[in-house]
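Here is the structure we will look at, set down as structure tokens.
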Ligand code: KG4
Ligand code: ZN
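Numbering (my numbering), first residue to last: 33 to 386.
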């Protein structure tokens, strides 16, 4: 069974061929992120224009890498939402057109189900449900208790910013560039994670929800305070942090630690509430964060921690969409091929059912 998958929900244009649910035969990820380094975020029309230019080439290259032709493909899959509408339309329009020309059945996949499937890519190990999955990216932060690929429930979600957004906005304040996650992680390498105190969000709240806007505000006030304390020192260009006396690395490490501690606090609470959990998964762009992985591993022991096999499988990619489509076929049969709409905001109720 070969699935050709396409993912264009944000600034990436990705295509992949996935064999027998999880084996990635060929994958291409083309990103326009360099274009947005100085804008602090993606400009949707600009991203979609670039996706339109390269999408067919990316698909051909993925087939070439897999050493297959369109005749070897059994089904096609594409991200139908959520995401940037113009970008999603590029992917779904191309997928619909090729599926019709090549006479292949097409499956529309929820982007989050793609992330939830990413820990299975290129692995032969049998992963055991029930699984607690933290899916954290630039657009969402959700905690799932899954009893199968398409069944389970949402235990908690962010009430304001997503975890990746907290990294991106923090990096902007520190003038570290976009995307903020890898930039803050790099700046934090030589810093002290406990140098500055940040509050633990929702620490007395009964839910398993997340909130990151308070951390962002705390960072803003910390920078203001440092600026006032050192008003006679020269400021770094574009950045509110003085060049002497204070180390960006300590600020970055402490801010990263605060975001990760909040995520891990929720994971810990969920495990205590649900002793049936057999393993814990981290997925989405933020799961690439090494500090988060280390803290999670410590707190969940002796439960096993799974993360996507390599960093490109953490961030947006088409292989996870192919795997999700294969799991949909396995669990829903022909229902998986239902006609679908392309939508920018898609309910989380559609990811997994109770
Ligand atoms: O899953 P993803 O590629 O796209 C969305 O679905 O949003 O996630 C992108 C997000 C960005 O906010 C980026 O800053 C964050 O993931 N990210 C990281 C790291 N790598 C990417 N956050 C923390 N540490 C990282 N190493
Ligand atoms: Zn994503």
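Ideal placement from N, C-alpha and C gives every residue a C-beta, glycine not left out. Only a predicted model underlies this, so the values are computations on that prediction, with no experimental measurement involved.
Just to confirm, is the Cβ distance from residue 178 to residue 240 under 7 Å?
Cβ atoms of residue 178 and residue 240: not closer than 7 Å.
Could you name the residues of the same chain whose beta carbon sits closer than 8 Å to that of residue 147, not counting the 5 residues immediately before and after it, in chain order?
So the qualifying residues of the chain are 167, 169, 315, 316 and 352.
When you measure from the CB of residue 318 to every non-hydrogen atom of the ligand KG4, does any distance come out below 6 Å?
Indeed, a heavy atom of the ligand KG4 lies less than 6 Å from the Cβ.
Which partner residues of residue 36 appear in the DSSP bridge assignment?
The bridge partners DSSP lists for residue 36 are 49 and 108.
Look at the alpha carbon of residue 66 and the alpha carbon of residue 176, and state the distance between them as a whole number of angstroms.
Between residue 66 and residue 176, the C-alpha separation is close to 32 Å.
Residue 169 Cβ short of 6 Å to the ligand ZN heavy atom set
It does: the Cβ of residue 169 is within 6 Å (strictly closer) of some heavy atom of the ligand ZN.
Buried or exposed by the 16-neighbour rule on C-beta atoms within 10 Å, applied to residue 46:
By the C-beta density criterion, residue 46 is buried, having at least 16 other C-beta atoms within 10 angstroms.
Any idea which residues DSSP pairs residue 168 with across the strands?
In the DSSP secondary-structure assignment, residue 168 is bridged to 173.
Specify whether the stretch 197-209 and the stretch 243-252 touch according to this definition: at least 3 beta carbon pairs, one from each stretch, less than 8 Å apart.
With the rule of 3 Cβ pairs closer than 8 Å, the stretch 197-209 counts as touching the stretch 243-252.
Can you give me the Cβ contacts of residue 380 inside the same chain, cut-off strictly under 6 Å, excluding the 5 residues immediately before and after it?
Setting aside the 5 residues that flank it on each side, residue 380 is surrounded in the same chain by 186, each with a C-beta closer than 6 Å to its C-beta; the list follows chain order.
Beta-bridge partners of residue 141, as assigned by DSSP
BP columns for residue 141 point to 111.
How is residue 118 classed by DSSP in three states: helix, strand or coil?
Under the three-state reduction of DSSP, residue 118 is assigned to helix.
According to DSSP, simplified to helix, strand and coil, what is residue 381?
The answer is helix: DSSP assigns residue 381 an H, G or I state.
In this structure, does DSSP put residue 264 in helix, strand or coil?
Annotation note: pLDDT 49 at residue 264 (below 50); position unreliable, coordinate value reported separately. The answer is coil: DSSP assigns residue 264 none of H, G, I, E or B.
Using a Cβ-Cβ cut-off of 7 Å (strictly less than) and excluding sequence neighbours within five positions of residue 24, which residues of its own chain qualify?
Because the chain spans 33 through 386 in this model, residue 24 falls outside it and cannot be assessed.
Residue 294 versus residue 77: straight-line alpha-carbon distance, rounded:
Between residue 294 and residue 77, the C-alpha separation is close to 34 Å.
For residue 236, count the other beta carbons within 10 Å of its own beta carbon; 16 or more makes it buried, fewer makes it exposed. Which is it?
The residue is exposed, with fewer than 16 neighbouring Cβ atoms inside 10 Å.
When you measure from the CB of residue 174 to every non-hydrogen atom of the ligand FMN, does any distance come out below 6 Å?
No copy of the ligand FMN occurs in the structure displayed; its ligands are the ligand KG4 and the ligand ZN alone.
Could you compute how far the alpha carbon of residue 282 sits from the alpha carbon of residue 309?
Roughly 35 Å between the two C-alpha positions.
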